[in-house]
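In our numbering, the protein residues as written are 335 to 686. In what follows, a single structure is set out as structure tokens and then discussed.
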Amino acid sequence: MHFSSQLTLKMRWNDPDFVWNKTVHNFTVLVLPASKIWTPDLTVDNAVAVKTKPTFSDVVVEYNGNVEYTINMYITVKCNINLFNYPFITDFCPVALNGWTNKDGCGMHLNFRDRNLNWANGSAGEWVTQGVILTGSGFRNYLNVELSISPFNPVVGLLLPSLLIILADIMSCMLPLGGGERNSFKVTLVLSFTMFLNLLTEQIPDNGDCSPLIRYHFLICLLLLVLSMLSSLALSGMLKGCGFKFCRGGKVTEDNHEYPQRKKGDGEATGGPQDNDHEMKDDSLHRVMGFLEGRQWQEREESKAKAYAEKLDRIGFLVYISVCVLYIIGVVATATGEFCDSNNLDFWRDDD
């Protein structure tokens with residue numbers, strides 16, 4: 335993450351070459367062009383880009399050699415902001431402002447006379463500057479800029495829609511299981527959430543190892559929606575008599591149910607129109623009885639399947655609620671813990 339700021343620095347140093355006797359020369363102050371004298375060059379150790387402009391083109395020189403010079407520095411630094419708890423973030427971004435020095439300590443050291451800084455509250459997008467603190471000593475001074483995110487827009491635009499979609503999926507269990515409305519509604523929720531992720535995931539910032547927890551939240555929400563949809567489809571198939579491998583036939587005819595066949599006795603006489611008539615009537619009666627028994631058997635099986643599917647549906651609803659409650663507890667515990675730390679001062683090495 336890059337942080338840009340503008341610093342106005344009023345520098346003061348002593349140059350022995352500009353000392354004069356004010357009793358001999360009847361003036362105590364000189365105004366000279368800054369381009370004609372030596373001026374200190376400041377460095378920003380963690381800078382990506384630095385641009386320095388003088389506030390005025392002249393410097394003020396006093397009789398005792400004190401020189402005053404005011405500059406504006408436009409600085410862009412790289413910060414390792416911890417985005418794990420996005421959008422509820424408060425972190426610091428250092429601006430390491432120092433003079434030039436080598437490993438032996440030779441060079442120019444900055445001595446901040448007043449460590450109380452005047453800063454202007456600024457914001458860029460959802461980021462807000464909360465304060466600036468001067469920290470450090472010697473040749474390792476830095477301005478610790480406290481940054482935070484205004485959580486309203488991310489909560490309304492990211493968190494709230496995902497929670498409402500999960501809530502709608504939970505309430506969809508009130509729809510009838512066998513009518514098809516529930517399955518259509520759940521499929522619509524999955525497709526809507528997928529489009530929602532495609533549109534808004536790219537707007538979530540990312541910063542190295544501390545990936546925002548909200549990315550995992552979206553992944554788990556999508557997983558819950560898909561599992562809920564698949565379980566609803568499976569229960570609907572079970573309600574209609576479909577197992578994991580096959581579905582039973584839709585209609586029961588007389589050939590689907592076995593019924594006892596009439597056997598002819600050994601001594602029974604055959605032939606004759608009355609006997610054939612009687613045999614045909616008896617055979618038709620057996621077929622009708624077989625069909626009715628088959629229908630009763632199918633209705634009993636469908637009733638058992640419906641009761642079993644509804645029981646599994648109630649169990650699945652309770653499991654879904656329990657998983658959501660445990661997930662909320664886990665998210666709160668993870669967000670309040672310290673699972674991801676970032677070192678904003680890693681640009682300073684021990685051997686520097």
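For every residue, glycine included, the Cβ atom is placed at its ideal position computed from N, Cα and C.
- What are the complete beta strand (DSSP E) segments, minimum 3 residues, inside the region 375–405? 376–378, 381–388, 392–396
- Message: Here's a check: name, in chain order, each residue in its chain whose Cβ is nearer than 6 Å to the Cβ of E402, leaving out the five neighbours to either side.
- Response: R346, V394
- Message: So, at 7 Å on beta carbons, what are the nonlocal neighbours of N455 in its own chain, with the 5 sequence-adjacent residues on each side left out?
- Response: T463
- Query: Closer than 8 Å, CB to CB, is N348 near chain D or not?
  - Reply: The question asks about chain D, but that chain is absent: this structure has only one protein chain.
- Would you check if the region 356–373 and the region 420–439 touch, i.e. whether three or more CB-CB distances between them fall below 8 Å? no
- Could you tell me which residues DSSP pairs with L533 in its beta bridges? DSSP, once it has assigned bridges, lists no residue as partnering L533.
- Message: At 3 residues or longer, what runs of the beta strand (DSSP E) sit wholly inside the region 467–549?
- Response: 474–483
- Mind checking A643: buried by the 16 CB within 10 Å criterion, or exposed? Around the CB of A643, 16 or more other CB atoms lie within 10 Å, so the residue is classed as buried.
- Task: Might you give, ordered along the chain, the residues of its own chain that have their beta carbon closer than 8 Å to the beta carbon of I547, omitting 5 neighbours on each side?
- Result: One point to set straight first is that residue 547 is Leu, not Ile, in the sequence displayed. Cβ within range, chain order: F418, N419, Y420, V665, T668, A669.
- Task: Report, in whole angstroms, the separation of the C-beta atoms of V411 and V382, which I expect to be a contact under 8 Å.
- Result: 6 Å
- State whether the region 516–527 contacts the region 488–504, with contact taken as three or more CB pairs (one from each stretch) at a distance under 8 Å. yes
- Query: Closest by CA to N517, which one among K387, L559, C674, L343?
  - Reply: L559
- Query: Does DSSP put R621 in a helix, a strand or coil?
  - Reply: helix
- Task: Can you grab the Cα-Cα spacing for the pair W354 / N400, in whole Å?
- Result: 11 Å
- Item | Validate contact between the region 561–577 and the region 626–640 using beta carbons, cut 8 Å, 3 pairs | yes
- Task: On the DSSP bridge assignment, give the partners of F426 in chain order.
- Result: E480
- Item | CA-to-CA distance, V489 to L660, given in whole angstroms | 21 Å
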